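Q: Residue numbers (our numbering): 26 to 530.
Before we start, here is the structure in question, set down as C-alpha cells.
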C-alpha cells in the first residue's frame, strides 16, 4: 500500500516529498546502498540536508514517514542516527532552529547548571558531616569558637531544607518551632481521608540533622534587631494540668532565619473560625474524625428511607472553601473516599450511594491560580470528571450550623464585567476552610522594627534576591526571611506561596 514519506537523496543533496509504494521504497534503498558511504558524505552533505529539511514545512511532517535510505551513513554519522525517526527530526529541529528555540521556552542552562551544582554541594555537606554523626570525629575548639549562631524560626519547608544541608562545622544551628516535626504537606489531604498514615509524611526536627545544636519547642513572640536577640515563649506542654503563663527566654543570634510560615485567613466571615482546617497533622486528625462522624450522622435511622433522601444528602455534603492546592487536593481525596465506601455490597456505607456530595467553592475564576494555565485547566477538568461540584467566582459570606451562605458573581460574557451578585444557601454537613492566608503575629512584631519599605501589600516582608529585608546598613543580612513569610519578587511578579518555592529558597 502507498504511504506518505519524506525521502532524502544524499547524493544530490535534495529533499523530496511525495508518495510511493513499499516496493519503490525498497528499490530506492538498494540503489543508495550501492554507492560508497564516504563519497556521499563529501561536499558538506549533512549541512545541505539540514538546510533543505529546514526549508521544508515542519507543519506537514505529521503526514509523512521519515525514511533514511542509507544504513551505512547512519552508522558512521551519530547526528543522522538521532534523526532516524520522524520524532527525532522534530526534536532535532526544535533544538537547533533559532525561531523554535525562542518560541519554545525551557529552563535556561544557567539555572540548570546552578541547580546541579547546588545538588552536588548538598551531597558533599551530607558526606562531610558523616564522620561527626558516627562519632569518628569531633568539632575542634578552634571551629567551636569561630562558629556563628543561627536561630531558625519554624520547621516547615524552608526551615527543613536549611536544616538538612547546613554546615554545622561552621554554623551553630538552634531551631525554634511549636511543632517538633516537619510535615510533607501535600499528603495532608490523604492523611485526612486515611489513605496515608501520619508517620509516613513527617520527620522529626532532631533527626533532620544530627549536628543541630538545639531544638526548642516554642514560638517567637518578639525580637530586638539592634541587640540581635529574639524572645521565645516555650510551649506549655502540660497546659491541661498547670496554671499560669508558659516561661519565656531570650536567644542571642548572629543571623536570624525567619521561616514561620503563615496562618489561615478567616477574618470577616461569620462562622469561618469554626470550620475545620488542613495545615498540620493535628488538623488532619480532627478532619479525619469529623469525616467519619459525618458518614455516621448520615446513616442514622432517623434519615433512613427514600422520604429522607434530601436530609441524608445534606448531612453527607462536604464544603471545601478555597480553590488553592490544599482545597483541590482535599476535594479529590474526599470524593475518592466517598466512591470507595459507598460501593454496593463491599463499601462501608453502601446506603449512602448517591448521597455524598463534595463541593469546592472558589472566589476566583480559575483553580490553583499560583500555577500555570494548563495546570489550572487540568485541575478543573479532573475534579469535574470525578464528580466534584466546582463553584467558581463565588464567595462564602457566612458558615452556620448545617448551611453556608454563598455569593456568586455574575459576569457579562461579552464584556467580562461583573453584572451583579447572586446569593444562595447551600446545605452542608461539614465545611473545611482552605481559603486565603495571613501573616502570623510575629511578622507584625518584626515589621514594626523594619523600615516601612519592608511591608508588602499583603502584610508579608519584602526581601531582595538574597532574601534580606531592608535594614540599617550595619544590620543588613542579620535577618533572612524564607517561605510564606517572605514576599520575594521575580521577573513575573511575586513568587507564589508554595512548598517548591520555600524549599528552593
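Just so it is clear, CB atoms sit at the ideal spot from N, CA and C, and this is done for glycine as well.
All values derive from a computational prediction rather than experimental measurement.
(1) Tell me which residues share the same chain as residue 369 and place their Cβ nearer than 6 angstroms to its Cβ, disregarding the 5 neighbours each side in the sequence.
(2) With DSSP collapsed to three states, give me the class of residue 369.
(3) Between residue 384 and residue 451, is the Cβ-Cβ spacing less than 8 angstroms?
(4) Is it true that the CB of residue 341 sits closer than 8 angstroms to the CB of residue 292?
(5) With DSSP run on the structure shown, which of helix, strand or coil describes residue 182?
(6) Let me check understanding here. Comparing Cα to Cα, which of 189, 408 and 230 lies closest to residue 356?
(7) Distance check for residue 290 and residue 117, CA to CA, integer angstroms please.
(8) Can you tell me whether residue 478 is buried or exposed, with buried defined as 16 or more other CB within 10 angstroms of its CB?
(9) Ordered along the chain, which non-local residues of its own chain (more than five positions away) have a Cβ less than 6 angstroms from that of residue 156?
(10) Going by DSSP in three states, residue 195 sits in which element: helix, strand or coil?
(11) Taking DSSP as the reference, what is the three-state secondary structure of residue 60?
(12) Confirm, please, whether the CB-CB distance from residue 454 to residue 287 is below 8 angstroms.
(13) Which term fits residue 366, buried or exposed, when burial requires 16 or more other beta carbons within 10 angstroms of its beta carbon?
(14) Counting Cβ pairs closer than 8 angstroms, one from the region 253-261 and one from the region 271-280, do we hit at least three?
(15) Once DSSP output is grouped into helix, strand and coil, what is the label at residue 483?
(16) Which ranges does the alpha helix (DSSP H) cover as unbroken runs of at least 4 residues, wholly within the region 392-451, from first to last along the chain?
(17) Does DSSP classify residue 245 as helix, strand or coil?
(18) Is residue 172 helix, strand or coil by DSSP?
(19) CA-CA distance, residue 419 and residue 410?
(20) For residue 201 versus residue 188, is the C-beta spacing smaller than 8 angstroms?
(21) Taking only runs that begin and end inside the region 332-358, name each unbroken alpha helix (DSSP H) of 4 or more residues, in chain order.
(22) Is it right to say residue 148 is buried, meaning 16 or more other beta carbons lie within 10 angstroms of its own, or is it exposed?
(23) Is it true that the region 208-221 meets the region 297-310, where meeting means three or more beta-carbon pairs spaced less than 8 angstroms apart?
(24) Can you look up residue 498 in the DSSP assignment and give me helix, strand or coil?
(25) Alpha carbons only, please: which of 515, 489, 465 and 491 is nearest the one belonging to residue 247?
(26) What residue range does the alpha helix (DSSP H) around residue 478 cover?
(27) Give the straight-line distance between the Cα atoms of residue 527 and residue 204, rounded to the nearest whole angstrom.
(28) Comparing alpha-carbon positions, which option in 389, 146, 467 and 380 lies nearest residue 324?
(29) If residue 404 and residue 417 are in contact, beta carbons under 8 angstroms, what's the gap, nearest whole angstrom?
(30) For residue 154, which residues from the same chain have a beta carbon less than 6 angstroms from its beta carbon, with the 5 sequence-adjacent residues on both sides left out?
A: Judging by the given coordinates:
(1) Position 344 of the chain shown, counted from the first residue, corresponds to residue 369. Cβ neighbours of residue 369 beyond the five flanking positions: 375.
(2) Locating residue 369 in the chain shown gives position 344, where the first residue counts as 1. Shown here, residue 369 sits in coil according to DSSP, grouped into three states, outside any helix or strand.
(3) Taking the chain shown and counting its residues from 1, the one referred to as residue 384 is at position 359. Taking the chain shown and counting its residues from 1, the one referred to as residue 451 is at position 426. Annotated as proximal: residue 384 and residue 451, with beta-carbon spacing under 8 angstroms.
(4) Taking the chain shown and counting its residues from 1, the one referred to as residue 292 is at position 267. Taking the chain shown and counting its residues from 1, the one referred to as residue 341 is at position 316. Residue 341 sits away from residue 292, with the two beta carbons spaced by 8 angstroms or more.
(5) The count along the chain shown starts at 1 and reaches residue 182 at position 157. Residue 182: helix per DSSP, three-state reduction.
(6) Position 331 of the chain shown, counted from the first residue, corresponds to residue 356. Comparing Cα positions, the closest option is 408.
(7) As a working mapping, residue 117 is identified with position 92 in the chain shown. As a working mapping, residue 290 is identified with position 265 in the chain shown. Note on residue 117: pLDDT 48, under 50, position unreliable in the model; the coordinate value appears next. Those two C-alpha atoms are separated by around 49 angstroms.
(8) Reading the chain shown from its first residue, position 453 is the one you call residue 478. The C-beta of residue 478 has fewer than 16 other C-beta atoms within 10 Å across all chains shown, which makes the residue exposed.
(9) On the chain shown, residue 156 is found 131 positions in, with the first residue counted as 1. Counting only residues of its own chain and dropping the five nearest sequence neighbours on each side, residue 156 has a CB closer than 6 angstroms to the CB of 162.
(10) Within the chain shown, residue 195 is the residue found at index 170, counting from 1. Note: residue 195 maps to coil in three-state DSSP.
(11) Indexing the chain shown from 1 puts residue 60 at position 35. Bear in mind that the predicted position of residue 60 carries a pLDDT of just 47, short of 50, making it too unreliable to give a figure here.
(12) As a working note, residue 287 is residue 262 in the chain shown. As a working note, residue 454 is residue 429 in the chain shown. It is not a contact, given that the beta carbons lie outside the stated cut-off.
(13) Looking up residue 366 in the chain shown gives position 341. Flag for residue 366 reads buried.
(14) A contact exists between the region 253-261 and the region 271-280.
(15) The residue you call residue 483 lines up with position 458 of the chain shown. Residue 483 sits in coil when the DSSP states are folded into three classes, being neither helix nor strand.
(16) If we require 4 residues or more, the alpha helix (DSSP H) runs fully inside the region 392-451 come out as 398-411.
(17) Counting from 1 along the chain shown, the entry for residue 245 is found at position 220. Note: residue 245 maps to strand in three-state DSSP.
(18) Counting from 1 along the chain shown, the entry for residue 172 is found at position 147. Three-state result, residue 172: coil.
(19) As a working mapping, residue 419 is identified with position 394 in the chain shown. As a working mapping, residue 410 is identified with position 385 in the chain shown. The alpha-carbon atoms of residue 419 and residue 410 are separated by roughly 20 angstroms.
(20) Residue 201 sits at position 176 when you count from the first residue of the chain shown. Residue 188 sits at position 163 when you count from the first residue of the chain shown. Not closer than 8 angstroms, so no.
(21) Correct list: 334-340.
(22) As a working note, residue 148 is residue 123 in the chain shown. The residue in question, residue 148, is exposed, as its Cβ has fewer than 16 Cβ neighbours within 10 Å.
(23) Cβ pair count under 8 angstroms is three or more, so yes.
(24) Your numbering for residue 498 matches position 473 in the chain shown. Residue 498 falls in the coil class under three-state DSSP.
(25) Working through the chain shown from its first residue, we reach residue 247 at position 222. Looking at the Cα atoms, 465 is the closest of the given residues.
(26) Here the question's residue 478 lines up with position 453 in the chain shown. Residue 478 -> no alpha helix (DSSP H), and no H or E assigned at all.
(27) For this step, residue 527 is matched to residue 502 along the chain shown. For this step, residue 204 is matched to residue 179 along the chain shown. Going from the Cα of residue 527 to the Cα of residue 204 covers about 18 angstroms.
(28) Start at 1 with the first residue of the chain shown, and residue 324 comes out as number 299. It is 380 whose Cα lies nearest to the Cα of residue 324.
(29) For the purposes of this step, residue 404 is taken as residue 379 along the chain shown, with counting starting at 1. For the purposes of this step, residue 417 is taken as residue 392 along the chain shown, with counting starting at 1. With 8 angstroms as the limit, residue 404 and residue 417 do not qualify as a contact, their Cβ atoms being about 12 angstroms apart.
(30) To locate residue 154, count along the chain shown from 1; it is residue 129. The residues are 236.
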